[in-house]
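K.L.:
The structure follows.
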Amino acid sequence: MDIREGMGVLELIEQMGKSGVLGAGRMYRATKLLAETLDDEDTAVFLSVAGPLVPGGLRKVIRDMIENDMVDVLITSGANITHDLLEAFGGRHHYGMTGDDETLCQQGMGRIGDLYTKSEDFAVFEKEITKIMSEIVKKENNLNIRKFLTEIGSNLSDDESILKTAARKGVPIYAPGLIDSMLGLQLWMFTQDNDLHLDASGDMSELSDKVYSSKKVATVILGGGLPKHYALASNLLTGGVDAAIQITMDRSETGSLGGAPLEEAKSWAKAKAGSNLVTVIGDATIIFPLMLAGAMEMNKR
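Below, the structure written as structure tokens:
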């Protein structure tokens, strides 16, 4: 690889492609596949997001992808939705705190790796999300998770919110593990005194319609877990996805889905025979911004 002063992101990635092997080669092939996927009007893009990617710096990246018509379906964890709402309600994510975890707890701070949240921001979150759910239940008290999230997004004032942008752009957000989050906890508490029901299976009807109506489907998988499986499994009835990019830190030896090579999905008909599949091992907060910047530059050029 030839590294020179003043290189752009795409130039660097292309040098990785000239090497062509190991992680560098995978990085180039994934960037090229992402560029082709984003440029193909016949391909529906399913973006799968697991792990703390919203508090980890990708909130605006995901939001801007939705704004710029790069995402047709977003599948994510309840935690990422919670952290999007935390900022939409005026809260923030912080770094540079000191002290052991017991001290942080006493100070009203929660830790995720080397980033931190304030319990006072979650207090505001609890108050504001309860207000929004109270408005939702006035109109409808039995809805699927996707519609519930769309309704929340429609009630937000923060233009940088993923949920608000998705609601405005008509991009569906699916969160099959919604209850496993602070939003899920608030939902449960709200239902103790209010008649609100979410239909998880109702999401599958909508998602299946999207799969069947799409000429091709490509998944961009950041992290693993439930969002990854939901994105792949939703395409099972049509023989699987046509293309997929996976960025993960998980290992394959334990048999977990998060670390499973994408090729394994072919055995389950979650990826088509002959599908274009690229896995890049690494931290998505490092790799995906570079990959996306490179793909955007590639398509512009």
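For what it's worth, this note's numbering labels the leading residue of the sequence shown as 10, then goes sequentially. Quick reminder that beta carbons are idealized off the backbone N, C-alpha and C, glycines included. Fair warning: this is a prediction, and the values are worked out from it, not measured in the lab.
1) My output table needs one value for I75: the three-state DSSP class, helix, strand or coil.
2) Buried or exposed: A132, going by 16 or more other Cβ atoms within 10 Å of its Cβ?
3) Would you call the region 58-70 in contact with the region 86-106, where contact means no fewer than 3 C-beta pairs closer than 8 Å?
4) For I188, report the span of its beta strand (DSSP E) as first-last.
5) Give me the residue from E20, E160 and S128 with the minimum Cα distance to M142.
6) Note the first and the last residue of the continuous beta strand (DSSP E) segment covering S128.
7) Could you tell me whether the region 193-209 touches the region 25-37, where touching means 3 or more Cβ pairs closer than 8 Å?
8) Which first and last residues belong to the alpha helix (DSSP H) in which H238 is found?
9) Could you round the C-beta distance between L5 and L62 to whole angstroms and report it? I think they count as a contact, below 8 Å.
10) Quick check on G179: does DSSP put it in helix, strand or coil?
11) Checking the sheet assignment: what are the DSSP bridge partners for S57?
12) Could you name the residues of the same chain whose beta carbon sits closer than 6 Å to that of I306, not counting the 5 residues immediately before and after it, in chain order?
13) Give the DSSP bridge partners of T52, in chain order.
P.N.:
Answer, in terms of the structure:
1) Numbered from 1 along the sequence shown, position 66 holds the residue referred to as residue 75. The three-state reading of DSSP puts I75 in helix, counting H, G and I together.
2) Counted from its first residue, the sequence shown places residue 132 at position 123. Under this definition A132 is an exposed residue.
3) They touch, by the three-pair rule.
4) The residue labelled residue 188 in the question sits at position 179 within the sequence shown. The continuous stretches of beta strand (DSSP E) do not include I188, and DSSP gives it neither H nor E.
5) On the sequence shown, residue 142 is found 133 positions in, with the first residue counted as 1. The shortest C-alpha to C-alpha distance from M142 to any of E20, E160 and S128 is the one to E160.
6) On the sequence shown, position 119 is the one that residue 128 refers to. Careful: S128 lies outside any beta strand (DSSP E), inside the alpha helix (DSSP H) at S128 to K148.
7) No, the region 193-209 does not touch the region 25-37.
8) Within the sequence shown, the letter at position 229 stands for residue 238. Its alpha helix (DSSP H) spans residues G234 to A242.
9) Nothing about residue 5 can be read from this structure; the chain reaches only from 10 to 310.
10) Mapped onto the sequence shown, residue 179 falls at position 170. Coil at G179, not helix or strand.
11) Indexing the sequence shown from 1 puts residue 57 at position 48. Partner(s): I84 and I230.
12) As a working mapping, residue 306 is identified with position 297 in the sequence shown. Looking at the sequence provided, one finds Glu at residue 306 rather than Ile. By the criterion of a C-beta distance shorter than 6 Å, E306 is surrounded in its chain by L19, once the five residues flanking it on both sides are discounted.
13) By 1-based counting over the sequence shown, the position of residue 52 is 43. Beta-bridge pairing by DSSP links T52 to K225.
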